[in-house]
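Novice:
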Ligand SMILES: Cc1cc2nc3c(=O)[nH]c(=O)nc-3n(C[C@H](O)[C@H](O)[C@H](O)COP(=O)(O)OP(=O)(O)OC[C@H]3O[C@@H](n4cnc5c(N)ncnc54)[C@H](O)[C@@H]3O)c2cc1C
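Chains as they are written, first to last, in my numbering: chain A, 8 to 239; chain B, 22 to 562.
(1) Does residue 239 of chain B come within less than 8 Å of chain D when only Cβ atoms are used?
(2) Assign residue 535 of chain B to buried or exposed, taking buried as 16 or more other Cβ atoms, counted over all protein chains shown, within 10 Å of its Cβ.
(3) Is residue 242 of chain B closer than 8 Å to residue 151 of chain B when the C-beta atoms are compared?
(4) By DSSP, does residue 47 of chain A sit in helix, in strand, or in coil?
(5) Going by alpha carbons, who is nearest to residue 559 of chain B out of B:350, B:496, B:468?
(6) Let's see if you can read the secondary structure: which residues bound the alpha helix (DSSP H) around residue 130 of chain B?
(7) May I ask whether a heavy atom of ligand 2 can be found less than 7 Å away from the beta carbon of residue 203 of chain A?
(8) Just checking my contact of residue 506 of chain B with residue 127 of chain B at CB under 8 Å: how many whole Å lie between their CB atoms?
(9) Measure from the alpha carbon of residue 205 of chain A to the alpha carbon of each residue in B:30, B:72, B:238, B:188, then state which is nearest.
(10) If you compare alpha carbons, which of B:456, B:266, B:265 is closest to residue 305 of chain B?
(11) Could you tell me whether the Cβ of residue 75 of chain B comes closer than 8 Å to any Cβ of chain A?
(12) For a contact meaning CB atoms closer than 8 Å, what does residue 160 of chain B contact in chain A?
(13) Output needed for residue 280 of chain B: all residues of its chain with C-beta closer than 6 Å, excluding positions within five of it in sequence on either side, in chain order.
(14) Which of the three DSSP states is assigned to residue 84 of chain B in this structure?
(15) From the DSSP output, which residues share a beta bridge with residue 257 of chain B?
(16) Looking at C-beta atoms only, is the number of pairs between the segment 232-249 of chain B and the segment 418-434 of chain B that lie closer than 8 Å three or more?
(17) Is residue 310 of chain B closer than 8 Å to residue 352 of chain B when the C-beta atoms are compared?
(18) What are the start and end residues of the alpha helix (DSSP H) that includes residue 321 of chain B?
(19) Would you verify that the beta carbon of residue 315 of chain B is, or is not, closer than 8 Å to some beta carbon of chain A?
(20) Residues of the segment 165-197 of chain A in Cβ contact with chain B at a cutoff of 7 Å, in chain order, please.
(21) Are the beta-carbon atoms of residue 113 of chain B and residue 136 of chain B separated by less than 8 Å?
(22) Looking only at DSSP bridge pairs, what is residue 410 of chain B linked to?
(23) For the beta strand (DSSP E) containing residue 32 of chain B, name the first residue and the last one.
(24) Return the residue from the list B:363, B:172, B:514, B:388 that minimises the CA-CA distance to residue 60 of chain B.
(25) Would you verify that the beta carbon of residue 83 of chain B is, or is not, closer than 8 Å to some beta carbon of chain A?
(26) Please work out which residues of its chain come closer than 7 Å, Cβ to Cβ, to residue 166 of chain A, disregarding the five sequence neighbours upstream and downstream, and give them in chain order.
(27) Should residue 465 of chain B be flagged as near chain A, meaning a C-beta pair shorter than 8 Å?
(28) From residue 19 of chain A to residue 49 of chain A, what does the alpha carbon distance come to, in whole angstroms?
(29) Counting only C-beta atoms, is residue 129 of chain A closer than 8 Å to chain B at any point?
(30) Residue range of the alpha helix (DSSP H) that residue 88 of chain A falls in?
(31) Looking at ligand 1, does it come within less than 7 Å of residue 157 of chain B, judged from the CB to the closest heavy atom?
(32) Starting from the beta carbon of residue 213 of chain A, find every residue of chain B whose beta carbon is closer than 7 Å, and list them in chain order.
(33) Just tell me which of B:158, B:254, B:252 has its CA closest to the CA of residue 230 of chain B.
(34) Can you tell which of B:200, B:53, B:274, B:278 has its C-alpha closest to the C-alpha of residue 118 of chain B?
(35) Checking contacts by CB at 8 Å: is residue 420 of chain B closer than that to chain A?
(36) Does chain A have any CB closer than 8 Å to the CB of residue 562 of chain B?
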């Protein structure tokens, strides 16, 4: 792979306007190279926050493609815009009062029943999630499956932006993951016991001792604890 | 072929030594040996990287130069241009920053009965928290305990931590896990024991990292964001704090926010303000690349300091041992410590190991610098960046084929886009600026020395001392975000704010001018500037 350098310029079209940018830059960097200082459209710069979601026409296939601008290199001739926000309703819910069922999800997001199985959402996912597949799983009652299969979702909202049924897939998947985490997966086994012991003050004496211990004694104890690292 | 020929020769050596390295044991350094290594090679110890602060509460203290220059700059807003009589919003608790600490503080303050506004610079949830890969610590296994966690943390910080804060951290973090679990954060569990995965992170003597694949932070943020949206919390996105407001009694009484989209300043009056603005990675201390998100520009420290808040550990930065060194497009991005927990080794140009990979980060990062700069055994990329190998294929060799792909979906995709399959080939790494050890000094409920001003999360300092253990930051966010949020709400009924004022901003600028130390800059800077040539990375070592 070649190094990042200032030569080798290629044309790209940001919001329709042509710029010539070094071909090794990411889309995000290319915007900056031509003088953008992001307010919207830039977040973690590491591919997990979804702020820099973008759609572009591929210069060879001429199809509409999607990307996270921080994760993708520019292509010669690409026409690209960012979609940093897409409007969706966010109905409130109280997780404590829910059940991990299709009906429950459908009550909060009734749009899910309108899916026409066109699969556009899947094509729009920059994380390569089988979006329509996850919707079908939920409709079949497989909340756990949808939770697992949507784990890479960065909630950028591109799926929703082209859904003819106006389904907020990314919000539905978050709900599925939460229902799974809360009601389907087993909880940490020892956690309740640990909390009881903490509440009962079982560790107070040990902690007091450590906090008042002579620093040299404490260091010896620390070194021993490090040497006796163990998986128990 | 992903790696250029010039780098492949070294990969070949690494492959040749792999088998003999598999069972090689490298002992843990003694405290003295470690201190010696830090002195020689930790970037914090380089000459000229700190300078003395000339005015304010920390006058006389040393701070990293980049931060000192902003602490001693003029305000980004002209205080005279702000009309304090025009109050946009009045609440009990104003939380600034919507990462893990801010979202938590807002939720708990609201549930405790306070009216809450949550102002944040970018979108709700855009933060360092969302990038956390490895996990969150809590002593929730039978073989572990809060006191073992306490001692690991104190030692990890070289015993410079504030003990009361560490105690709060180690006793409250199981509660944080319970809270997150009940909210539906889908933590990984060891299927045999229903405990956290049996992995040791650097400097920890027991497994205690609760993870969600390598998407831990993102997963938590998505859930907490929804919880904020489910409550009557006034969310203000793209609203950056540019100054705190004090009243005539010297209490914190609100903040001036700057709407980044309309460029209009807004006055929010509040009985308490909780600063949860996170870290300073985007200052690129010493020119290092950073693992941090776009908004990590130290704003909370700047405005807090002008308002009289005491800061601490300003000369102490955490450099993560394994920032990405190749390809250039990914420079600085984090490769999670959990890769080393699963057996990935650090290896130099000759295919040799040089440090026990599961020691604390300050120590391992220093060893990486030593190998590259001191011993000249680094690997050089076509751009001139140098690094050492993280031998990640060991993960599948030790834990079975497919482990990398299953356990590191996020990182796997990230490198695959550049044709690097790190289940088969190593990753080139070098230390990157990762975490601000210091920050606003608080007590164990997040109160600063300024009445009604709190700090929580990375913007606060003390709990981690001069070196934070992996996974302890996420615990810190929920422990202190919760404590601060609840305390602010409970105290709200008894707080009477006086007349609002920005006099402290003038006074501090005057003090700087008198000391001859007012810099050219203005601060807080709010957004980093990568325009034009600045987009090209620097390759400082
Ligand atoms: C890549 C990466 C991986 C990590 N992995 C782990 C891990 O596995 N385990 C662990 O324990 N720790 C990890 N850390 C550290 C940890 O994630 C952070 O220290 C922690 O999340 C900080 O949380 P916070 O809420 O204090 O700040 P942040 O999460 O950074 O949030 C700060 C918030 O304040 C906002 N803000 C900033 N300036 C202003 C302003 N002027 N006005 C208003 N709002 C403002 C930001 O936009 C942001 O929303 C990691 C860090 C990084 C960068």
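Note that the Cβ used here is the ideal one computed from N, Cα and C, for glycine as well.
Small disclaimer: the values here were computed from a predicted structure and weren't measured.
Specialist: Taking the geometry as given:
(1) The chain labelled as chain D is not found among the protein chains of the depicted structure, namely A and B.
(2) Counting from 1 along the second chain, the entry for residue 535 of chain B is found at position 514. Residue 535 of chain B is exposed by the Cβ-count criterion.
(3) Start at 1 with the first residue of the second chain, and residue 151 of chain B comes out as number 130. Start at 1 with the first residue of the second chain, and residue 242 of chain B comes out as number 221. A contact, by the Cβ cut-off of 8 Å.
(4) By one-based count along the first chain, residue 47 of chain A stands at place 40. Reduced to three states, the DSSP call for residue 47 of chain A is coil.
(5) Here residue 559 of chain B corresponds to residue number 538 of the second chain, with the count starting at 1. Answer by Cα proximity: B:350.
(6) Translated into the one-based positions of the second chain, residue 130 of chain B becomes position 109. First-last of the alpha helix (DSSP H) with residue 130 of chain B: 121-132.
(7) Ligands present in the displayed structure are limited to ligand 1, and ligand 2 is not among them.
(8) What you label residue 506 of chain B is simply residue 485 of the second chain in a count that begins at 1. What you label residue 127 of chain B is simply residue 106 of the second chain in a count that begins at 1. That pair is a contact at about 7 Å.
(9) For the purposes of this step, residue 205 of chain A is identified with residue 198 of the first chain, where counting begins at 1. For the residues B:30, B:72, B:238, B:188, the minimum Cα distance to residue 205 of chain A belongs to B:188.
(10) The residue you call residue 305 of chain B lines up with position 284 of the second chain. The candidate whose alpha carbon is nearest that of residue 305 of chain B is B:456.
(11) In the second chain, the residue the question calls residue 75 of chain B occupies position 54. No, residue 75 of chain B lies away from the interface with chain A (no Cβ there is under 8 Å from its Cβ).
(12) Position 139 of the second chain, counted from the start, is the residue given in the question as residue 160 of chain B. In chain order: 201.
(13) Residue 280 of chain B sits at position 259 when you count from the first residue of the second chain. In chain order, 260 place their CB closer than 6 Å to the CB of residue 280 of chain B, counting only its own chain and leaving out the 5 sequence neighbours on each side.
(14) Within the second chain, numbered from 1, the residue matching residue 84 of chain B stands at position 63. Of the three classes helix, strand and coil, the one that applies to residue 84 of chain B here is strand, per DSSP.
(15) One-based indexing of the second chain puts residue 257 of chain B at position 236. For residue 257 of chain B, which the question treats as bridged, DSSP gives the partners B:140.
(16) Yes: the two stretches touch, three or more of their Cβ pairs being nearer than 8 Å.
(17) Mapped onto the second chain, residue 352 of chain B falls at position 331. Mapped onto the second chain, residue 310 of chain B falls at position 289. Their beta carbons are under 8 Å apart, which means residue 352 of chain B touches residue 310 of chain B by this criterion.
(18) Taking the first residue of the second chain as 1, we reach residue 321 of chain B at position 300. For residue 321 of chain B, the enclosing alpha helix (DSSP H) has its first and last residue at 320-327.
(19) By 1-based counting over the second chain, the position of residue 315 of chain B is 294. Chain A contact via Cβ: present.
(20) Of all residues in the segment 165-197 of chain A, only 181, 184, 185, 186, 187, 188, 189, 192, 193, 194, 195, 196, 197 place a beta-carbon less than 7 Å from a beta-carbon of chain B.
(21) Walking along the second chain from the start, residue 113 of chain B turns up at place 92. Walking along the second chain from the start, residue 136 of chain B turns up at place 115. Cβ distance < 8 Å, so residue 113 of chain B and residue 136 of chain B count as in contact.
(22) Walking along the second chain from the start, residue 410 of chain B turns up at place 389. Paired residue(s): B:368, B:449.
(23) For the purposes of this step, residue 32 of chain B is taken as residue 11 along the second chain, with counting starting at 1. Taken as a continuous stretch (DSSP letters only), residue 32 of chain B belongs to no beta strand (DSSP E), being part of the alpha helix (DSSP H) at 26-43.
(24) The residue given as residue 60 of chain B occupies position 39 in the second chain. Of B:363, B:172, B:514, B:388, the residue nearest in Cα terms is B:388.
(25) If you number the second chain from 1, residue 83 of chain B lands on position 62. Judged by the 8 Å Cβ criterion, residue 83 of chain B is not in contact with chain A.
(26) Within the first chain, residue 166 of chain A is the residue found at index 159, counting from 1. Excluding sequence neighbours, residue 166 of chain A sits near 128, 131, 132, 138, 176, 177.
(27) Along the second chain, read from residue 1 onward, the residue named residue 465 of chain B stands at position 444. Residue 465 of chain B does not count as touching chain A.
(28) The residue you call residue 19 of chain A lines up with position 12 of the first chain. The residue you call residue 49 of chain A lines up with position 42 of the first chain. Roughly 19 Å between the two C-alpha positions.
(29) As a position in the first chain, residue 129 of chain A is number 122, starting the count at 1. Not closer than 8 Å to any Cβ of chain B, the Cβ of residue 129 of chain A fails to qualify, so no.
(30) Here residue 88 of chain A is taken as the residue at index 81 of the first chain, counted from 1. In the DSSP annotation of this structure, residue 88 of chain A is not part of any alpha helix (DSSP H); the continuous beta strand (DSSP E) holding it starts and ends at 86-89.
(31) For the purposes of this step, residue 157 of chain B is taken as residue 136 along the second chain, with counting starting at 1. Indeed, a heavy atom of ligand 1 lies less than 7 Å from the Cβ.
(32) Within the first chain, the letter at position 206 stands for residue 213 of chain A. Those are 168, listed as they occur along chain B.
(33) Here residue 230 of chain B refers to the residue found at position 209 when the second chain is read from its first residue. Closest option to residue 230 of chain B, Cα to Cα, is B:158.
(34) Within the second chain, the letter at position 97 stands for residue 118 of chain B. Of B:200, B:53, B:274, B:278, the residue nearest in Cα terms is B:278.
(35) Residue numbering aside, residue 420 of chain B sits at position 399 when the second chain is read from its first letter. No, no contact with chain A.
(36) Taking the second chain and counting its residues from 1, one reaches residue 562 of chain B at position 541. Residue 562 of chain B does not count as touching chain A.
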